[in-house]
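Counting from 1 along the sequence shown, just add 426 to a position and that's the residue number in our numbering.
Yeah, the Cβ is synthetic: ideal placement off N, Cα and C, and Gly gets one too.
Computed from a predicted structure; not experimentally measured.
To start, the structure under review is shown below, and the notes come after it.
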Amino acid sequence: MQKNYEYSDGKTLFQGYLSVPQDQTIRRPYVMVAHAWDGPSDYFNSLADDFSQKGFIGFAIDVYGKGKRGKIDGDNSHLMNPLLEDRALLRKRLLAAFTEVQQHPLVVKDKIVIVGYCFGGLCALDLARANPVGLKGAISVHGGLTPPQDSDLQPKIDASILVLHGWEDPVAPQQSVLDSAQEMLRPMTKAKADWQIHCCGNAKHAFNFVGADMPEFGVKYDQKAHQRSITYTSFLQEIFNEQDNILLS
Numbered sequence: 427m428q429k430n431y432e433y434s435d436g437k438t439l440f441q442g443y444l445s446v447p448q449d450q451t452i453r454r455p456y457v458m459v460a461h462a463w464d465g466p467s468d469y470f471n472s473l474a475d476d477f478s479q480k481g482f483i484g485f486a487i488d489v490y491g492k493g494k495r496g497k498i499d500g501d502n503s504h505l506m507n508p509l510l511e512d513r514a515l516l517r518k519r520l521l522a523a524f525t526e527v528q529q530h531p532l533v534v535k536d537k538i539v540i541v542g543y544c545f546g547g548l549c550a551l552d553l554a555r556a557n558p559v560g561l562k563g564a565i566s567v568h569g570g571l572t573p574p575q576d577s578d579l580q581p582k583i584d585a586s587i588l589v590l591h592g593w594e595d596p597v598a599p600q601q602s603v604l605d606s607a608q609e610m611l612r613p614m615t616k617a618k619a620d621w622q623i624h625c626c627g628n629a630k631h632a633f634n635f636v637g638a639d640m641p642e643f644g645v646k647y648d649q650k651a652h653q654r655s656i657t658y659t660s661f662l663q664e665i666f667n668e669q670d671n672i673l674l675s
């Protein structure tokens with residue numbers, strides 16, 4: 427079953443995309459998919475479908491609001507920057523999506539993961555920092571690394587964290603990666619988080635977006651890095667280390 431799915435944080439209406447396997451007699455782990463700076467699109471919906479085909483419930487979330495969409499080849503800073511400047515608002519919207527996930531009748535409530543790409547990678551890390559009960563893992567793929575100013579105040583992070591990054595990504599160049607990683611990981615380590623970072627040599631921004639080809643902006647699909655990044659499925663297998671699904675009683 428696939429459908430557009432509306433939900434709210436009490437102030438703003440959002441439109442995500444829900445993809446559920448055909449067998450609806452089984453409780454399943456849940457994978458949230460966080461969009462890039464252009465907003466929800468068919469691409470991220472297809473990723474939710476991919477997870478559904480693997481036996482998970484897939485949910486492509488929306489943090490911009492229903493009808494607020496950008497263009498994949500355009501300047502979408504007018505959509506993204508207000509949330510980068512107000513990380514508390516971003517966190518509120520992420521938690522609204524997470525709360526919606528937990529209310530799904532088929533979800534295994536303590537087996538929820540978020541996977542984010544580009545701006546969505548930063549979203550994945552911010553949700554991990556919020557530490558909602560039931561979030562099992564957070565995966566950032568060529569995502570932003572700069573933590574919110576209040577990240578030192580997070581006493582604990584229960585989710586396992588995986589960061590996949592292209593070493594030639596101009597959005598976060600090498601020295602910035604090192605500086606941002608230290609800034610990001612210091613509070614995560616203090617919060618006892620289980621984290622790991624993998625950098626793909628020669629890979630640019632959007633390395634796993636098939637068809638990305640704007641090398642003048644440091645944006646380029648990289649098949650080898652893409653294939654390596656897909657290994658995050660083993661990360662999912664690790665954190666969903668018991669039964670992948672549970673029969674409904």
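Pull up the distance between the alpha-carbon of residue i and that of residue j, whole angstroms please.
{"i": "Q428", "j": "V459", "result": "14 Å"}
{"i": "R495", "j": "D468", "result": "12 Å"}
{"i": "C544", "j": "A617", "result": "24 Å"}
{"i": "L523", "j": "H624", "result": "Here residue 523 turns out to be Ala, not Leu, going by the sequence shown. Cα to Cα, the separation comes out at about 27 Å."}
{"i": "L532", "j": "N507", "result": "35 Å"}
{"i": "K518", "j": "D435", "result": "7 Å"}
{"i": "Q441", "j": "Y490", "result": "9 Å"}
{"i": "G570", "j": "G592", "result": "11 Å"}
{"i": "I452", "j": "D501", "result": "42 Å"}
{"i": "L548", "j": "H568", "result": "9 Å"}
{"i": "V589", "j": "H461", "result": "16 Å"}
{"i": "L439", "j": "I487", "result": "12 Å"}
{"i": "L561", "j": "D499", "result": "32 Å"}
{"i": "Y456", "j": "W621", "result": "20 Å"}
{"i": "T525", "j": "G542", "result": "17 Å"}
{"i": "S660", "j": "A550", "result": "18 Å"}
{"i": "L521", "j": "R555", "result": "11 Å"}
{"i": "Q528", "j": "Q663", "result": "20 Å"}
{"i": "K497", "j": "K437", "result": "25 Å"}
{"i": "F608", "j": "V534", "result": "Strictly speaking, residue 608 in this sequence is Gln, with Phe absent from that position. Cα to Cα, Q608 sits roughly 34 Å from V534."}
{"i": "M610", "j": "N557", "result": "15 Å"}
On the DSSP bridge list, what partners appear for residue i?
{"i": "K429", "result": "L444"}
{"i": "D620", "result": "S586"}
{"i": "F485", "result": "L444 and M458"}
{"i": "R495", "result": "Beta-bridge pairing links R495 to no other residue."}
{"i": "L510", "result": "L510 pairs with nothing; no bridge assigned."}
{"i": "L439", "result": "S434"}
Please work out which residues of its chain come closer than 6 Å, Cβ to Cβ, to residue i, disregarding the five sequence neighbours upstream and downstream, and give them in chain order.
{"i": "G371", "result": "Shown here, the chain extends from 427 to 675; a query on residue 371 therefore has no answer."}
{"i": "D475", "result": "S445"}
{"i": "P581", "result": "none"}
{"i": "Y433", "result": "F440 and E526"}
{"i": "H530", "result": "none"}
{"i": "D667", "result": "It should be pointed out that residue 667 corresponds to Asn in this sequence rather than to Asp. Cβ neighbours of N667 beyond the five flanking positions: none."}
Go through its chain and collect everything with a Cβ distance to residue i's Cβ below 7 Å, but skip five positions before and after it.
{"i": "A619", "result": "I583 and I587"}
{"i": "S478", "result": "S445, V446, P447 and G484"}
{"i": "R513", "result": "D552 and P574"}
{"i": "N430", "result": "Q441 and Y443"}
{"i": "L515", "result": "L509"}
Would you mind sorting residue i into buried or exposed? The rule is 16 or more other CB atoms within 10 Å of its CB.
{"i": "K537", "result": "buried"}
{"i": "T615", "result": "exposed"}
{"i": "D576", "result": "exposed"}
{"i": "P613", "result": "buried"}
{"i": "S566", "result": "buried"}
{"i": "V559", "result": "exposed"}
{"i": "N471", "result": "buried"}
{"i": "G465", "result": "buried"}
{"i": "F482", "result": "buried"}
{"i": "G493", "result": "exposed"}
{"i": "D449", "result": "exposed"}
{"i": "G546", "result": "buried"}
Going along the chain, which residues of its own chain have a beta-carbon closer than 8 Å to the beta-carbon of residue i, five neighbours each way excluded?
{"i": "S503", "result": "W463"}
Counting only runs of 3+ residues fully inside the region 534-603, write out the beta strand (DSSP E) ranges in chain order. Here the runs fully enclosed are 561-567 and 586-592.
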